[in-house]
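Trainee: What follows is a single structure, and I will ask about it in a moment.
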Amino acid sequence: MPAVDVQEIRRIFTPRKREPVVALDGVSLAIPAGEVHGLLGPNGAGKTTLVKILSTVLLPSGGRAFVGGHDVVTETEAVRPLIGIVFGGERGLYTRLSARQNLEYWGALYRLSGAQIKQRSAELLERVGLTERADQRVEEFSRGMKQRLHLARGLMGDARVLFLDEPTTGMDPLAAREFRALINQLKGEGRTILLTTHDMVEAETVCDRVTLIDRGRILATETPRSLGSLISRFQRIDVEDAPREVLEAIRAIDGVSSVTTLEDGTVRIEVHEEGATTLVLKELVDVGVTAVKTSLPSLEEVYVQVIGDRGLTV
Amino acid sequence: MRAFLAGAQIQLRFLRAYPDAAIPFFTAPMFSVIFQMVFRHAGREDLTPYAAIAPVFIALWWLALFNSGWTITMERWNGTIEMLVAAPSSFAAVVFGRITTTTLLGVVSFFETWLVARAIFGTKITIYHPWAFYATVFVTLFAMAGTAVAMASLFVLARNAVTFSNSASYPFYVLGGILVPVSFLPHWIRPVSAVVFLSWSADLMRAALQAAPMHEFGFRLAMVAVLGAAGLLVGLYAMRVILTRVRGTGELGTT
Amino acid sequence: MSALVSNARVSWYAIVSGANDYWAIFTLKSWVFGWCVRMLSQVSFFALIGKLLESDKQTQFFLVGNAVMIAAMGATFAMNMTTSERGNGTLSLLLASPSRPVLVFASRGVYVMADGVFSALLGLFILGPAFGLHFPFPRILLVIPLTALVGMSAYCFSTFLAGVIIRKREVTGLLVNATIVILMTLCGINVPVSFYPGWLAWISRCLPITNGLEAIRDVIAGAPASTIAAHVGAELLVMSGWLALALVTFGAFVRAGQRDGSLEYAA
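Encoded structure:
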């Protein structure tokens, strides 16, 4: 039985005086116990909506979802003790209270005994590296510290299933790295983690599998390796001052999808095969062209290519 | 039960962290001084019971309006309301714990008021009908908490909650006859006063502090209880509406 | 001269921005049904004591005193607006500008004070007749400028206090309410100044409102012009005193806050 089982979940929002918005359009997903699963997509893709539904905070418009085998709509009392939420951001903490007081409050709401509360909050503060600041007011914390406190808060109930919604957004790279190390530790403890992000690097480094989602629809579920190779297949090379003959030769290379001249005179070469990049670069270097820049396409552009490609190969 | 206590504990912590919460505990004794002065100057020492209980009602009502009333709304603005919904504990129990704590603290204003009267003016306040008095206090606190639950829930749903809470102090002091009994108000206002539990409460408390025998105690006390219970029921119902909205529409739909 | 003009311009813009902020909070409907109802209830609450005491003279005493108090309340609420600068994060911008902060602060709340004065007069002229009181006309019109004087006096006092707490913004609500209730107790609003023991009467006369209110009561009672003038003079003196104190200390408080970093919190 998967830890998280999503079956054709739909969610439509009808804001006042505006058109209805389909946030989730028949999403299905199964996450086995102990997996770290990434939900990767641009802003507005529906990631947060799905997480809210799974954490019983939002009702779906259609479909069913189960956490730990319990229906999130009809069996909320069974689901809630199992889950931990890390919504993140600036809000969601009692800023005038200390870190420790915040944790103790949620511990009580997760039905821990007095002794458990004290012990667990101390442990978690230690774990996320906030012991020294435990009794300072949260309003004095930096963004990274607040995020770590959010994680500690989500763990107070010793959740078996954790939902992390864009937990490293706004963190500096060092803090984000430490945070990811923490996530790896949690995985080592056998917890199931659903992590939403729009950062491909994050998805790659932390997750066992990654689901690509956009506009309420799941595009595919991949392992990061496949994702990595997927992305690196679609590289682009921007060149300046390349002679016409070289560009013609490049156009003929297998794996080059297009050679277009941009407005500012730069030529953009797009490839869709691994290895094609090397060939292209070789051509350019051979004729002494050095004003070369390679980059990866954005997630959206990958999707466009992917959808145009009619599906992915796993 | 644990949720109730968790709510109570965090409310106490909030009290320390937010100085505004202390306002009624400062204003109550000051009002006591004002009213005592007034009656002394007028040579009406017999009215000291009036001066003794009005500040308490002011404090309790303030707590209901400004502390309790904003409980749920503050959670919303703080971004913690969804987490509260997702936690295993009962939302209503947590809120009730917080409101009850706030209301019980209002009892402190009793002591402040009477202490001030005694210390500055040498006024002695005699409780002529102790059982009646304590019963009234008890039921009044219950009614106050019930009304506060109604405020907490309705403030989330109502669009002009801020305006209402800022201006709902003195109008209710007048309607509730907390200093000057309702019998001094014009006839056409009295029916409105009858549905404000404060008017029944204040009358009873004043009567308990005076030598004359008390009339219809049971009925009047029941009115306080009934009106308070009505507030509680409205509040609980409104809370259900709030939770449905949070889960159903994903937003509370008000500014 | 140009310094005066530029200072005046700063003030004007601050007044206008304060007014805009104010109307962002209040609509006409909420002003009438919210604030106005509350204000009339407040004055009535105290005026009714006169009914309890079965004395028209007392009713008038309470009514006039508490109506004038409304003007002072408006002035005290203005403290909220000024200290909200810190909350809005606009304080550091303000301090970095060439203008003197006290000027901006003092001007931002003027609108609230003016609202208080207007409300006070409204209360007086609506509730007076409602409680069966007859005010001597046209003498009663003198009350209008006198109430404005009381408002301004209270405003200078409140500006000074705003400086005192600029570093501890979370205490604002407490201080506003404490100030209001202390003024209600000590300024001869509900009991005459003669009721206070000597030392307290002295303190009372150094506070805003007290002398101005006595002038207002004098006007209604038909006291001789010299008595009225004496009280007005006293109120002007008190107002100047608090204003001077505010001008002198505000800058110092701000500088202290800059030194210890307590102005930074957007709490």
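So the protein sequences, as listed, match chains A, B and C. The first sequence begins at -5 in this note's numbering and counts up one residue at a time. The second sequence begins at 134 in this note's numbering and counts up one residue at a time. The third sequence begins at 118 in this note's numbering and counts up one residue at a time. The beta-carbon is built from N, C-alpha and C at its ideal position, and this holds for glycine as well.
Secondary structure at V305 (chain B), three-state DSSP: helix, strand or coil?
Mentor: Strictly speaking, residue 305 (chain B) in this sequence is Phe, with Val absent from that position. Helix at F305 (chain B).
Trainee: Roughly how many whole angstroms lie between the Cα atoms of P182 (chain B) and F164 (chain B)?
Mentor: 14 Å
Trainee: Can you list, in chain order, the residues of its chain with a C-beta nearer than 8 Å to that of R256 (chain C)? Leave out the 5 residues immediately preceding and following it.
Mentor: V336, I337 and G339
Trainee: In chain B, which residues lie with their C-beta within 8 Å of the C-beta of A39 (chain A)?
Mentor: Ordered by position in chain B, no residue passes the 8 Å Cβ test against A39 (chain A), which lies about 16 Å from the chain.
Trainee: How is F178 (chain C) classed by DSSP in three states: helix, strand or coil?
Mentor: Looking at F178 (chain C) - three-state DSSP - the assignment turns out to be helix.
Trainee: DSSP state of A347 (chain C), grouped into three classes?
Mentor: helix
Trainee: Judging by CA-CA distance, which residue of A:E183, A:D129, A:S22 and A:H64 is the nearest neighbour of I313 (chain A)?
Mentor: A question about residue 313 (chain A) goes unanswered here, because the residues of chain A that appear run from -5 up to 308.
Trainee: Taking Cβ positions only, does I260 (chain B) come closer than 7 Å to chain A?
Mentor: no
Trainee: I need the straight-line Cα distance from F60 (chain A) to T204 (chain B), nearest angstrom please.
Mentor: Straight-line Cα distance between these residues: approximately 32 Å.
Trainee: Would you say the stretch 243 to 261 of chain C touches the stretch 318 to 338 of chain C, given that touching needs at least three Cβ pairs under 8 Å?
Mentor: yes
Trainee: Tell me, please, which residues DSSP counts as bridged to R230 (chain A).
Mentor: A:E264 and A:S289
Trainee: Return no unless some Cβ of chain B is closer than 7 Å to the Cβ of L52 (chain A).
Mentor: yes
Trainee: Check the Cβ-Cβ distances between D252 (chain A) and every residue of chain B, and say whether any is below 7 Å.
Mentor: A small fix is needed here, since residue 252 (chain A) is Ser in this sequence, not Asp. Output row for S252 (chain A): interface = no.
Trainee: Below 8 Å on the Cβ atoms is my guess for F7 (chain A) versus A17 (chain A); work out the distance and round it to an integer in Å.
Mentor: 6 Å
Trainee: For the stretch 291 to 312 of chain C, which residues have a beta carbon sitting closer than 7 Å to at least one beta carbon of chain B?
Mentor: L291, N294, A295, V298, I299, M301, T302, N307, V308 and F312
Trainee: Compute the distance between the beta-carbons of L145 (chain B) and A154 (chain B), then report whether it is under 7 Å.
Mentor: At a Cβ-Cβ threshold of 7 Å, L145 (chain B) and A154 (chain B) do not count as neighbours.
Trainee: Using a Cβ-Cβ cutoff of less than 6 Å, which residues in the same chain neighbour G386 (chain B) once the five nearest sequence positions on both sides are dropped?
Mentor: Because the pLDDT of G386 (chain B) is 46, which lies under 50, any placement of that residue in the model is unreliable, and the question is left without a value.
Trainee: Where G82 (chain A) and G138 (chain A) are concerned, what is the direct C-alpha to C-alpha distance, given to the nearest angstrom?
Mentor: If you take the alpha carbons of G82 (chain A) and G138 (chain A), they lie about 10 Å apart.
Trainee: Excluding the 5 residues preceding and the 5 following V261 (chain A) in the sequence, name in chain order all residues of the same chain whose CB lies nearer than 8 Å to its CB.
Mentor: D232, V233, E234, A236, L241, V253, T254 and T255
Trainee: Going by CA-CA distance only, name the one from B:R373, B:V289 and B:G383 that's closest to F226 (chain B).
Mentor: This sequence places Ala at residue 226 (chain B); Phe is not what is there. The option with the nearest alpha carbon to A226 (chain B) is B:R373.
Trainee: With 9 Å as the limit, tell me which residues of the stretch 174 to 192 of chain B have their beta carbon closer than that to any beta carbon of chain C; keep them in chain order.
Mentor: H174, A175, R177, L180 and Y183
Trainee: Which residues of the stretch 149 to 172 of chain C have a Cβ closer than 7 Å to any Cβ of chain B? Give them in chain order.
Mentor: Per Cβ criterion, the list reads G151, W152, V154, R155, S158, Q159, S161, F162, L165, I166, K168, L169 and L170.
Trainee: Find the residues of chain A that neighbour A150 (chain B), judging by a C-beta separation of less than 7 Å, and give them in chain order.
Mentor: Simply R90 and L91.
Trainee: Does the Cβ-Cβ distance between G35 (chain A) and I207 (chain A) come in under 7 Å?
Mentor: Cβ distance < 7 Å, so G35 (chain A) and I207 (chain A) count as in contact.
Trainee: Under 8 Å: do the stretch 166 to 175 of chain B and the stretch 233 to 244 of chain B share three or more Cβ pairs, one atom per stretch?
Mentor: no
Trainee: Does V289 (chain B) have its Cβ less than 7 Å from a Cβ in chain C?
Mentor: no
Trainee: Going by beta carbon distance, what residues of the same chain come within less than 6 Å of G184 (chain A), once the five residues before and after it are set aside?
Mentor: G28
Trainee: Suppose you measure from the CA of L220 (chain C) to the CA of S357 (chain C); what does that come to, to the nearest Å?
Mentor: 15 Å
Trainee: Where do the ends of the alpha helix (DSSP H) carrying E196 (chain A) lie?
Mentor: M194 to V200
Trainee: Is R238 (chain A) near the ligand ATP - that is, is its Cβ less than 6 Å away from at least one heavy atom of it?
Mentor: You won't find the ligand ATP in this model; it holds no ligand whatsoever.
Trainee: In chain order, what residues of the same chain have a beta carbon less than 6 Å from the beta carbon of L241 (chain C), not counting five sequence neighbours either side?
Mentor: A184
Trainee: Which residues in chain B have a C-beta closer than 7 Å to the C-beta of A116 (chain A)? List them in chain order.
Mentor: Simply none; closest approach about 17 Å.
Trainee: Report the neighbours of T296 (chain B) on chain C: residues whose CB is nearer than 7 Å to its CB, in chain order.
Mentor: Against chain C, the beta carbon of T296 (chain B) has neighbours under 7 Å at S147 and G151, listed in chain order.
Trainee: Do T256 (chain B) and P188 (chain B) have their beta-carbon atoms positioned less than 7 Å apart in this structure?
Mentor: No; because the gap between Cβ atoms is not below 7 Å, this pair is not in contact.
Trainee: Taking its Cβ as the centre, do 16 or more other Cβ atoms sit within 10 Å of I375 (chain B), making it buried, or is it exposed?
Mentor: buried
Trainee: Would you say G32 (chain A) faces chain B, with C-beta separation under 7 Å as the test?
Mentor: no
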